[in-house]
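Protein chains in written order, with the numbering used here: chain E, 181 to 403; chain P, 181 to 403; chain A, 15 to 282. Idealized CB from N, CA, C, for every residue including glycine. Since we're looking at a predicted model, the values are computed, not measured. Step one of this worksheet: look at the structure below.
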Amino acid sequence: MNEQLDAAQLKRIVEAALMAAGEPLSVNRLAALFRPGELHPQEGRKRIRDSLAHLGEEAEGRGYELKQVASGYRFQVRQALSPWISRLWEEKPPRYSRALLETLALIVYRQPVTRADIESVRGVAVSQNILRTLLERGWIRVVGQRESPGRPNLYGATRGFLDYFNLQSFDDLPPLDKVQQKIEQELKQLTKPVMEAESADGEAQPGTAEALAEVVQLPTTRD
Amino acid sequence: MNEQLDAAQLKRIVEAALMAAGEPLSVNRLAALFRPGELHPQEGRKRIRDSLAHLGEEAEGRGYELKQVASGYRFQVRQALSPWISRLWEEKPPRYSRALLETLALIVYRQPVTRADIESVRGVAVSQNILRTLLERGWIRVVGQRESPGRPNLYGATRGFLDYFNLQSFDDLPPLDKVQQKIEQELKQLTKPVMEAESADGEAQPGTAEALAEVVQLPTTRD
Amino acid sequence: MTADSKPAEAVAVVDGQTVDKLPADLYIPPDALVVFLETFEGPLDLLLYLIRRRNLDLLELSVADITDQYMSYIDLMIELKLDLAGEYLVMAATLAEIKSRLLLPRQEDAEEEDDPRMALIERLQEYERIKSAAHQIGDLPRMDRDIFPLSPERPERVREQAHPQVDLREVLAALVDVMRRSEAFLHHAVRQEPLSVRDRMANVLAVLDQAKEFVPFTELFKPEEGRAGVVVTFLAITELLREGMADLTQSEPFAPIYLRAASEPVST
Numbered sequence: 181m182n183e184q185l186d187a188a189q190l191k192r193i194v195e196a197a198l199m200a201a202g203e204p205l206s207v208n209r210l211a212a213l214f215r216p217g218e219l220h221p222q223e224g225r226k227r228i229r230d231s232l233a234h235l236g237e238e239a240e241g242r243g244y245e246l247k248q249v250a251s252g253y254r255f256q257v258r259q260a261l262s263p264w265i266s267r268l269w270e271e272k273p274p275r276y277s278r279a280l281l282e283t284l285a286l287i288v289y290r291q292p293v294t295r296a297d298i299e300s301v302r303g304v305a306v307s308q309n310i311l312r313t314l315l316e317r318g319w320i321r322v323v324g325q326r327e328s329p330g331r332p333n334l335y336g337a338t339r340g341f342l343d344y345f346n347l348q349s350f351d352d353l354p355p356l357d358k359v360q361q362k363i364e365q366e367l368k369q370l371t372k373p374v375m376e377a378e379s380a381d382g383e384a385q386p387g388t389a390e391a392l393a394e395v396v397q398l399p400t401t402r403d
Numbered sequence: 181m182n183e184q185l186d187a188a189q190l191k192r193i194v195e196a197a198l199m200a201a202g203e204p205l206s207v208n209r210l211a212a213l214f215r216p217g218e219l220h221p222q223e224g225r226k227r228i229r230d231s232l233a234h235l236g237e238e239a240e241g242r243g244y245e246l247k248q249v250a251s252g253y254r255f256q257v258r259q260a261l262s263p264w265i266s267r268l269w270e271e272k273p274p275r276y277s278r279a280l281l282e283t284l285a286l287i288v289y290r291q292p293v294t295r296a297d298i299e300s301v302r303g304v305a306v307s308q309n310i311l312r313t314l315l316e317r318g319w320i321r322v323v324g325q326r327e328s329p330g331r332p333n334l335y336g337a338t339r340g341f342l343d344y345f346n347l348q349s350f351d352d353l354p355p356l357d358k359v360q361q362k363i364e365q366e367l368k369q370l371t372k373p374v375m376e377a378e379s380a381d382g383e384a385q386p387g388t389a390e391a392l393a394e395v396v397q398l399p400t401t402r403d
Numbered sequence: 015m016t017a018d019s020k021p022a023e024a025v026a027v028v029d030g031q032t033v034d035k036l037p038a039d040l041y042i043p044p045d046a047l048v049v050f051l052e053t054f055e056g057p058l059d060l061l062l063y064l065i066r067r068r069n070l071d072l073l074e075l076s077v078a079d080i081t082d083q084y085m086s087y088i089d090l091m092i093e094l095k096l097d098l099a100g101e102y103l104v105m106a107a108t109l110a111e112i113k114s115r116l117l118l119p120r121q122e123d124a125e126e127e128d129d130p131r132m133a134l135i136e137r138l139q140e141y142e143r144i145k146s147a148a149h150q151i152g153d154l155p156r157m158d159r160d161i162f163p164l165s166p167e168r169p170e171r172v173r174e175q176a177h178p179q180v181d182l183r184e185v186l187a188a189l190v191d192v193m194r195r196s197e198a199f200l201h202h203a204v205r206q207e208p209l210s211v212r213d214r215m216a217n218v219l220a221v222l223d224q225a226k227e228f229v230p231f232t233e234l235f236k237p238e239e240g241r242a243g244v245v246v247t248f249l250a251i252t253e254l255l256r257e258g259m260a261d262l263t264q265s266e267p268f269a270p271i272y273l274r275a276a277s278e279p280v281s282t
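Here it is in structure tokens:
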């Protein structure tokens, strides 16, 4: 009982207390954690300050730092890491619409294409929003203008697109004829359910995607 | 976008995330903090595991440790330091009644069970309060209904229970048989002083009362 | 516990030891006794206590003895006006029944009959297991008491709307669907022939002139021409509209679109 704590143990306790407290702790409050036999009443404060200095040094280069604020000391996660830490509480991102995915698919497989090209295949207008989203996401870019009336922009897919989908080059995309084969196979069997599903919601259907994955070997993008 | 994080930065982020999360984090959840360009989707998990191993080693001799519990990893204060750390808070941790712990034990060791199962083993009615408390704490949940008249709810224990009690899986629970041996030993020791005191003399004397108090406490003490 | 002043009567011989257990309880102040009795978690708990207190093996349960003791506790509880749950009385009845069955003269052919104590012993064993498991759980290190998670100050949150995650398969599925919808793709997907927008403009104009009224937009397309044909027709139509050679009407968003030749061709 009368044995004073050694420096290592003292530092461990101070560290644990600061980490667990959930609020800043003053030197006085830290000192109050010890019984008289454990820490000398006078020297104790100095020893605690020494521990704090050490802990501050040891935090260099780590994910957290020791910070002195008005009411005492606290450990805090480095602000620079906030972009990652914030993702802990990020809401689930929204899903992209069917229209956006179709537009993207057409640009990737038929590049370079104009907006009118896309519209003619999809049979409906392509909203400027969709193109803007894809441009902002860095998946498509304007690669030139077609030499036709109105000189419409030609769109193509980017390296960013390849990176995101973990592809080395556009050659790694499943060849269209395989996709096409699959379509024709499927058409014979699956037309009905797919049509129903389409009218039910405009989301990409995992059913089709999975069926496709069986035929077409794909690199995994995200787990 | 294409630059993968270096090991030091990855470790810092993992460390910071574990500290900031306030709950255990799985490797999957940690991996989800990174964008595909930052961490390779396949190798990423392995790299995160490496970081965790490093962080665990680095915590040696410090005030906290890296612990794996049912739903992932968390940093926690070393148990040896809890005598000092608990002095930070005036409030005493909640105590749980024997009835609650017995009900919990039954659910944990005999899951899935219905309320009637619990009652038949314990020989007394189970108050709705106890079940509600256990549900609110997130230690148990309804896992289904038994196919018998009235379709009573079946209860099972949760990951939250394991996390709270510092366990990785249900296999880490003390096996029932051993438990029984231990309690029999304990009971023998506890009952002896009473017997001795009793047989010593039949007079009113504090000794007997104390010995009995020990027995009286037996059921309640282990909060 | 039949009342006071008869300690000698209850002397029991347990494992060769003489034990007098009655007086101890009698000298407890009534308050303490109430507390004591209230700590039991039910009849099984009380029964287990009575057995364990005598350091007996469960399997050698002496129902007659235990029943007597149990009944005396019940009496005591009634006397002290404790809230006596029905379960205690049910157990009393069970014990009495077992006791009486044991007292009945055994018939010779009933030798194989189950020991009437067995069901009770099994219940006691299971309860004891759970009771000790509860102790163990209570002893496990736990959050708030033994385990303290770290909670350093968190960094300020960065509001960053996450981008939707897309799987390449979704993109392919979208492609499959859009191609399927564009019937052209199905029939002659790859055959391409040079098609001129100018030529097509003339064709479209001819169709419109012939019709002399509104023509549904969709009728101008010939799926059998393939995707390229669709594109060219579309470009031709847009060009005609731009040059004012055709008019387009749509009564409301998403309603069918109609085309007709411009009533007064604008001279260039």
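query                                                                                                                               : result
Assigned exposure category for E:R312 - 16 Cβ within 10 Å defines buried                                                            : exposed
Any alpha helix (DSSP H) of 4 or more consecutive residues that is wholly inside the segment 223 to 277 of chain E                  : 262 to 266
Test item: CB-CB of P:L356 and A:R66 under 8 Å                                                                                      : no
Whole-Å CB distance - P:G252 paired with P:S300, under 8 Å assumed                                                                  : So it is not a contact: roughly 36 Å between Cβ atoms.
Proximity test, Cβ basis, 8 Å: A:E101 and chain P                                                                                   : yes
Endpoints, alpha helix (DSSP H) assigned at A:L90                                                                                   : V77 to E93
Where P:N346 falls, given that 16 or more other Cβ within 10 Å makes a residue buried                                               : buried
Selected residue, minimal CA-CA separation from A:A188, among E:A233, E:T283, E:V257 and E:E240                                     : E:T283
Chain A within 8 Å of E:I193, Cβ atoms only                                                                                         : no
C-beta contact flag for E:A197 and E:L185 at 8 Å                                                                                    : no
Cut-off 8 Å between Cβ atoms - residues of its own chain near A:Y87, not counting five sequence neighbours on either side           : M15, L51, L60 and L64
Stretch pair the segment 269 to 279 of chain E + the segment 224 to 237 of chain E: three plus CB contacts closer than 8 Å          : no
Minimum Cβ-Cβ distance from P:I310 to chain E less than 8 Å                                                                         : no
Inter-stretch contact (C-beta, 8 Å, three-pair minimum) for the segment 283 to 292 of chain P and the segment 145 to 161 of chain A : yes
Integer Cβ distance of A:L273 from A:L249, believed to fall under 8 Å                                                               : 14 Å between Cβ atoms; not a contact.
CB-CB length for A:L98 against A:L47, believed under 8 Å                                                                            : Their Cβ separation, rounded to whole angstroms, is 14 Å, which puts A:L98 and A:L47 out of contact at 8 Å.
One or two residues paired with P:A337 in a DSSP bridge                                                                             : P:I320
DSSP three-state assignment for A:V221, whether helix, strand or coil                                                               : helix
Candidates P:G340, P:P204, P:F341 and P:A212: closest to P:E245 by CA position                                                      : P:P204
For E:L213 and P:L280, believed in contact at Cβ under 8 Å, the rounded distance                                                    : Not really, about 31 Å apart at Cβ, beyond 8 Å.
7 Å CB neighbourhood of P:Q256 in its chain, flanking five on each side removed                                                     : Y244, E245 and K247
Helix, strand or coil at P:Q325 according to DSSP, with G and I counted as helix                                                    : strand
Other residues of its chain near P:I265: CB distance less than 8 Å, five sequence neighbours each side excluded                     : V257
DSSP beta-bridge partners of A:Q264                                                                                                 : A:I271
Buried or exposed by the 16-neighbour rule on C-beta atoms within 10 Å, applied to A:Q264                                           : exposed
Rounded C-alpha distance that separates E:L190 from P:Q291                                                                          : 44 Å
Expected contact under 8 Å - CB spacing of A:P166 and E:M199 to nearest Å                                                           : 6 Å
Identified DSSP bridge partners for P:V293                                                                                          : P:Y335
DSSP three-state assignment for A:P230, whether helix, strand or coil                                                               : strand
Selected residue, minimal CA-CA separation from A:V244, among A:L70, A:P270 and A:M193                                              : A:M193
Neighbouring residues, chain P, relative to E:V293 (Cβ below 7 Å)                                                                   : Under the 7 Å cutoff, chain P gives no residues; its nearest Cβ is about 24 Å from E:V293.
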